[in-house]
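K.L.:
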Amino acid sequence: MSWHHLRTGKTLQQRLAQFQGHIAELNTPRSGLEPGRIRQVFPRNFIKVNHQLFIPLSLNSIRVFDIPRTRRGARVGIRTTFPSRNAFRNMRLVGVGIDYIELQGKGRVPSRILFPLSSVESIYRPNRRSYKLKRTCIRRH
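Residue numbers (my numbering): 1 to 141.
Okay, structure coming up:
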């Protein structure tokens, strides 16, 4: 898999600074999902969401909404350090930063999901044949 064209050369903090003012959903290890607006991104370690300070590199993932879809990227599957039940098995990888990866979210509302590298176990190329077979088996039942 070649991802050289997806490298951004940015840190997670720098990328989040571009999303300041957007609505986000923080997946925290202890308290679950924290929705809110990204109010401020500090230069070093913190972001401010809903009058709380969070450390982005300690989060499981950050989903930012209202980001236009893109056609560039590579189809990948992500295994995470937290339980995700194959939720990220067929996603589009759209960016690789210094300390994070960026996926295009699925669903009606366009979004991006940022994963700190500390919450990613592995990245793999999904097998299209087995994915299609699983989908057809599910539909038959």
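Note that beta-carbon positions come from the ideal geometry of N, C-alpha and C, so glycine has one too.
Model, not experiment: these values are computed from the prediction.
So, under 8 angstroms CB-CB, R63 and I123 are touching, yes? Tell me the CB distance rounded to an integer number of Å.
P.N.:
For the purposes of this step, residue 63 is taken as residue 63 along the sequence shown, with counting starting at 1. For the purposes of this step, residue 123 is taken as residue 123 along the sequence shown, with counting starting at 1. Not really, about 18 angstroms apart at Cβ, beyond 8 angstroms.
K.L.:
Please classify P56 as buried or exposed, where buried requires at least 16 neighbouring CB atoms within 10 angstroms.
P.N.:
Locating residue 56 in the sequence shown gives position 56, where the first residue counts as 1. Buried, because 16 or more other Cβ atoms sit within 10 Å of the Cβ of P56.
K.L.:
Runs of 3 residues minimum, wholly inside the stretch 80-124: which ones carry the beta strand (DSSP E) assignment?
P.N.:
List check, beta strand (DSSP E) in window: 91-96, 100-104, 111-116, 120-124.
K.L.:
May I ask you to report which of helix, strand or coil DSSP gives S61?
P.N.:
Numbered from its first residue, the sequence shown carries residue 61 at position 61. Note: S61 maps to strand in three-state DSSP.
K.L.:
Give me the Cα-Cα distance between E102 and V96, rounded to the nearest whole angstrom.
P.N.:
For the purposes of this step, residue 102 is taken as the residue at position 102 of the sequence shown. For the purposes of this step, residue 96 is taken as the residue at position 96 of the sequence shown. One C-alpha to the other measures close to 6 angstroms.
K.L.:
Quick check: R69 and Q104, are their CB atoms within less than 8 angstroms of each other?
P.N.:
By 1-based counting over the sequence shown, the position of residue 69 is 69. By 1-based counting over the sequence shown, the position of residue 104 is 104. Yes, the Cβ-Cβ distance between R69 and Q104 is below 8 angstroms.
K.L.:
The beta strand (DSSP E) spanning R44 covers which residue range?
P.N.:
Here residue 44 refers to the residue found at position 44 when the sequence shown is read from its first residue. Note, R44: premise wrong, no beta strand (DSSP E); not H, not E.
K.L.:
Counting C-beta neighbours from all protein chains within 10 Å, is the total for F54 16 or more, i.e. buried, or is it exposed?
P.N.:
On the sequence shown, position 54 is the one that residue 54 refers to. Buried, by the Cβ-count rule.
K.L.:
Among residues of its own chain, excluding the 5 on either side of D99, which ones have a beta-carbon nearer than 6 angstroms to its beta-carbon?
P.N.:
As a working mapping, residue 99 is identified with position 99 in the sequence shown. If we look at D99 and ignore the five residues flanking it on each side, its Cβ neighbours are T11, L12, L117.
K.L.:
Helix, strand or coil: which one does DSSP assign to R140?
P.N.:
Residue 140 sits at position 140 when you count from the first residue of the sequence shown. Interpretation of R140 is limited by its pLDDT of 48, a score under 50 that renders its predicted location unreliable; no figure is taken from the coordinates.
K.L.:
According to DSSP, is P35 helix, strand or coil?
P.N.:
On the sequence shown, residue 35 is found 35 positions in, with the first residue counted as 1. Three-state DSSP puts P35 in a strand.
K.L.:
For R89, which residues in the same chain have their Cβ closer than 7 angstroms to its Cβ, ignoring the five residues on either side in sequence?
P.N.:
Position 89 of the sequence shown, counted from the first residue, corresponds to residue 89. G77, P126.
K.L.:
Can you round the beta-carbon distance between A17 and V41 to whole angstroms, since I take them to be within the 8 angstroms contact cut?
P.N.:
Numbered from 1 along the sequence shown, position 17 holds the residue referred to as residue 17. Numbered from 1 along the sequence shown, position 41 holds the residue referred to as residue 41. 4 angstroms between Cβ atoms; contact.
K.L.:
Taking the alpha-carbon of S31 as reference, which of F46, R71, S58 has the nearest alpha-carbon?
P.N.:
One-based indexing of the sequence shown puts residue 31 at position 31. Selected option, being the one with the closest Cα: S58.
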